[in-house]
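Asks: Here the sequence shown stands for residues -20 to -1, 1 to 283, where the numbers follow mature numbering (1 follows the signal peptide of the UniProt record, and there is no 0).
The C-beta atom is built at its ideal place from N, Cα and C for all residues, glycine as well.
If you're wondering where the values come from, they're calculated on a predicted model, not measured in any experiment.
Structure provided below as structure tokens; questions to follow.
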Amino acid sequence: MLRTAVLVFFLSLGVATVHAQNTSATAPADFPQQVQQWQHQRLANLTAPGGWLSLIGLEWLQEGANRVGSAADNDIVLKAGPAHLGVVTLARDGALHIALDKDSGATVDGKPVREAALVDDMHAGDGAPTVVAFGSANFFVIDRDGRKALRVKDSNAETRTHFVGLDYFPIDSSWRVVADWVPFDPPHELEIGSVLGTINKEKVPGKAVFHRDGHTYELMPIQEEPDSLFFVIADRTSGRDTYGAARFLYAALPQDGKVVLDFNRAYNPPCAFTPYATCPLAPPENRLDLAVTAGEKKYRGGH
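So, in structure tokens, the structure goes:
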């Protein structure tokens, strides 16, 4: 169930594409420039009109008819949009349907239709979930452990228009760690909780083992896509200098028994910026007894 959520994190933060990484212990000569470029791309994606900063709602659907709109007499009251947008019906079997109000001015996947089926993010396959757009705002349906909710975005969201920027530790090549890769055969299973209180069991293809200051540390990734590893981590800076719940770290696949962990590219999950995201938490196995003074710091404009 974490597959779609993780992929959306990657796409929204501009880190979905893996580029070949040098697995030698020595960082490339243009290492600072590479990290800065990554930071600029992350900022651009985060602040995009449809990025995580545009979230204005996470509205859970009830079985049956859900009246949606900005007026107080709706079952789901939106922070933006027409007073009465329409009715979203959730069937017992999970099927979704929307009937738009004749005066809503809304579109479904860009088309001015009155009624349509809705496809949520877990059932969209290689495509995208159905988007209902109205003015500067839109929503689509997410599925989290069988529960379905409207994820509502607005390019004029205060979290986006009043964004105060990202802060990082100084770029430090010593935090570009070349770890030993220990494969698991068969893969292990890792339980990853979320801010919703759910627990997902994920397959772990192996572990990254590295040494720092005379101590040995291990991190376990999940592999949602065939060409990448994804780590959900915490450390002794969590809750003080960095976001408390977790940071994310993305890595290319191991080469010659080594995997590059560039902690300068550790970044905050969407929950650091908005209460309307559904983020995974760092599992106990990935809580390092080490202060990782690299990567993205706690958001100073956080909720």
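#1: Where DSSP assigns a beta bridge to residue 87, which residues make up the other side?
#2: Between residue 162 and residue 234, what straight-line distance do the alpha-carbon atoms span, to the nearest angstrom?
#3: Just to confirm, are residue 36 and residue 48 a CB contact at a threshold of 7 Å?
#4: With a threshold of 7 Å on Cβ separation, who are the neighbours of residue 18 within its own chain once the five nearest residues in sequence on each side are excluded?
#5: Using 8 Å as the cut-off, can you tell me whether the region 260 to 279 makes contact with the region 189 to 200, which would need three or more C-beta pairs spanning the two stretches below that distance?
#6: What whole-angstrom Cβ distance do residue 253 and residue 141 have, given they're in contact under 8 Å?
#7: Between residue 277 and the rest of its own chain, which residues show a CB-CB distance below 7 Å, the 5 nearest in sequence each way excluded?
#8: Suppose you measure from the CA of residue 247 to the CA of residue 218; what does that come to, to the nearest Å?
#9: Residues bridged to residue 49 by DSSP?
#10: Residues in the same chain with beta-carbon distance under 6 Å from residue 273, minus the five sequence neighbours each way, listed in chain order, please.
#11: In whole angstroms, give me the CA-to-CA distance for residue 263 and residue 28.
#12: Check residue 216 in the structure and name its three-state DSSP category.
#13: Considering only residues of the region 113 to 154, which uninterrupted beta strand (DSSP E) runs meet the minimum length of 3 residues and lie entirely inside it, listed in chain order?
#14: For the alpha helix (DSSP H) containing residue 11, name the first residue and the last one.
#15: Which residue marks the beginning of the beta strand (DSSP E) containing residue 284, and which one marks its end?
#16: Taking one C-beta from the region 63 to 73 and one from the region 81 to 95 each time, how about it: are there three or more such pairs within less than 8 Å?
#17: Per DSSP, residue 238 forms a beta bridge with which residues?
#18: Just mark residue 174 as buried or exposed, buried being the case when its beta carbon has 16 or more other beta carbons within 10 Å.
#19: Indicate the three-state DSSP secondary structure (helix, strand or coil) for residue 245 in the structure shown.
#20: Between the C-alpha atoms of residue 100 and residue 120, what's the straight-line distance to the nearest angstrom?
#21: Taking the alpha carbon of residue 279 as the point to measure from, which residue in 144, 160, 157 and 178 has its own alpha carbon closest?
#22: With 16 other CB atoms within 10 Å as the buried threshold, where does residue 93 fall?
#23: If the criterion is Cβ atoms closer than 7 Å, does the pair residue 228 and residue 255 meet it?
#24: If we call anything under 7 Å between Cβ atoms a contact, is residue 241 one with residue 159?
#25: Whole-angstrom Cβ separation of residue 200 and residue 187, contact assumed at under 8 Å?
#26: With 16 as the cutoff for other CB atoms within 10 Å, does residue 91 come out buried or exposed?
#27: Please work out which residues of its chain come closer than 7 Å, Cβ to Cβ, to residue 275, disregarding the five sequence neighbours upstream and downstream, and give them in chain order.
#28: Quick one: grab the DSSP three-state call for residue 208.
#29: Considering only the alpha carbon of each residue, which of 38, 30 and 9 lies closest to residue 176?
Replies: Inspection of the coordinates gives the following:
#1: 113
#2: 10 Å
#3: no
#4: 245
#5: yes
#6: Actually they are not in contact, since the Cβ atoms of residue 253 and residue 141 sit about 13 Å apart, beyond 8 Å.
#7: 147, 148, 149, 221 and 222
#8: 12 Å
#9: 57
#10: 149
#11: 30 Å
#12: coil
#13: 117 to 124 and 127 to 134
#14: 11 to 26
#15: Outside the modelled stretch of the chain, which goes from -20 to 283, sits residue 284, for which no answer is possible.
#16: yes
#17: 160 and 235
#18: buried
#19: helix
#20: 7 Å
#21: 144
#22: exposed
#23: no
#24: yes
#25: 5 Å
#26: exposed
#27: 148, 149, 227, 243, 244, 245, 246 and 247
#28: coil
#29: 38
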